[in-house]
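Reviewing the structure listed below.
Residue numbers (the numbering used here): 199 to 291.
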């Protein structure tokens, strides 16, 4: 049931480190594990968005998520773009 066909890269990891690097007690090993876990979560959300899009129709999908899942153009939007060129609007505070 895990999503398949998504890839990540070092630039995405560096973006993640810039967001999470200030958290106390996170070592390099912890950051790598946390990044891997967050990627599975974001890929799963992207997969669900892509499944919704396949349903067709005129309905719009609103996804509410934390900024870390969309910051820097990575996370959920990054994974959606890997499979389809959907119109995405990201609003940050």
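Idealized CB from N, CA, C, for every residue including glycine.
My understanding is that residue 272 touches residue 244, with C-beta atoms under 8 angstroms, so please give their C-beta distance in whole angstroms. The pair is not a contact, with the Cβ atoms about 11 angstroms apart (cut-off 8 angstroms).
Check whether residue 262 and residue 250 have beta carbons under 8 angstroms apart: With contacts defined as CB atoms closer than 8 angstroms, residue 262 and residue 250 fail to qualify as a contacting pair.
I think residue 275 touches residue 285, with their Cβ atoms under 8 angstroms apart; what is that distance to the nearest whole Å? Rounded, the Cβ-Cβ distance is 11 angstroms, inconsistent with contact.
In angstroms with no decimal places, state the Cα-to-Cα distance between residue 222 and residue 229. Distance between the alpha carbons of residue 222 and residue 229: 11 angstroms.
Start and end of the alpha helix (DSSP H) containing residue 234? Secondary structure note for residue 234: its alpha helix (DSSP H) is the uninterrupted segment 226-252.
Considering only the alpha carbon of each residue, which of 264, 277, 236, 253 lies closest to residue 289? Measuring C-alpha to C-alpha distances from residue 289 to each of 264, 277, 236, 253 identifies 264 as the nearest.
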